[in-house]
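The structure under discussion appears below in the form of structure tokens.
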Amino acid sequence: MSDRQVEGGPVLAIEGLAVAFPRYGGEPVHVLRDIDLVMAPGEVVGVVGESGSGKTMLARSIMRLVPVPGRIDRGRVVFAGRDMAELDAETIRRMRGRDIAMIIANPRGELDPLETVGQQIGNVLRHHLTLDRAAIRVRTLELLRQVSIPDPERRLDAYPHELSGGMAQRVVMAIALACQPRFIISDDATSGLDVTVQAQ
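Counting in our numbering, the sequence shown runs from 6 upward without gaps.
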């Protein structure tokens, strides 16, 4: 079975997930405990909670991006029938962006300040898809239009510092959508966008 195929069953299954951080001279602190979640293909689930309640850590756990020294203490995250804990780093790297993507609320921390918008979207397309330079440009412009970026031909050559916060957020969304992943995690990603774009 390829990374992109699911023979029935859930696209995501989280079973008894717990994430812990070490504490000097004491027991580890659990920031997540006993999380269970099952999602079918095409299903949309919203996770609601106060700031600091663990929503972002849950998203990072699914992506296998728990920041060091934190770790998944117990439980399983199964994506497309594959236990994420059993996959090597290279397989996980190939899956991110192509099969599963995450849009975060802080685009400034996500975008490379030394690369243009076009370069950053192009990097994702080049890494995951077999496209030539012309096809990458066409797909990049298509993505910028899809996320309602005005004058996409000009924005293609813009650097992150030349974009407004809302515009930078749309670029991050375009990057996440680039390879049409089967699963997208949105971590408060529309908070900096106007109501019309949020609805889209």
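Heads up, the beta-carbon is just placed ideally off N, CA and C, and yes, glycines get one too.
Three-state secondary structure (DSSP) of residue i
i           : result
residue 106 : strand
residue 193 : coil
residue 154 : coil
residue 171 : helix
residue 147 : helix
residue 183 : coil
residue 52  : coil
residue 8   : Because the pLDDT at residue 8 is just 42, under 50, the model does not fix this residue reliably, and the value given afterwards should be weighed accordingly. In the structure shown, residue 8 sits in coil (DSSP, three-state: anything other than H, G, I, E or B).
residue 130 : helix
residue 32  : strand
residue 123 : helix
residue 63  : helix
residue 86  : coil
residue 101 : strand
residue 112 : helix
residue 76  : strand
residue 165 : helix
Member of the options whose CA lies at the smallest distance from the CA of residue i
i           : options            : result
residue 66  : 136, 119, 83       : 83
residue 59  : 89, 136, 26        : 26
residue 50  : 63, 56, 162        : 63
residue 85  : 101, 76, 71, 78    : 101
residue 105 : 181, 22, 130       : 181
residue 103 : 80, 129, 79        : 129
residue 111 : 193, 17, 18, 144   : 193
residue 144 : 126, 88, 78        : 126
residue 150 : 134, 172, 138, 135 : 172
residue 38  : 69, 80, 70, 18     : 80
residue 34  : 18, 183, 55, 78    : 78
residue 42  : 32, 56, 20         : 20
residue 40  : 68, 14, 18         : 18
residue 170 : 113, 131, 132      : 113
residue 16  : 87, 99, 61, 55     : 87
Buried versus exposed, by CB contacts within 10 Å (16 or more), residue i
i           : result
residue 96  : exposed
residue 47  : exposed
residue 45  : exposed
residue 24  : buried
residue 168 : buried
residue 155 : exposed
residue 157 : buried
Bridge partner(s) assigned by DSSP for residue i
i           : result
residue 176 : Residue 176 is not bridged to any residue.
residue 22  : 40
residue 17  : 44, 84
Anticipated Cβ contact below 8 Å, residue i with residue j, distance rounded
i           : j           : result
residue 108 : residue 36  : Residue 108 to residue 36, Cβ: 21 Å. No contact.
residue 118 : residue 165 : 5 Å
residue 90  : residue 122 : That pair is no contact at about 35 Å.
residue 148 : residue 183 : 6 Å
Any non-hydrogen atom of the ligand ZN within 7 Å of residue i CB
i          : result
residue 88 : This structure lacks the ligand ZN; in fact it carries no ligand of any kind.
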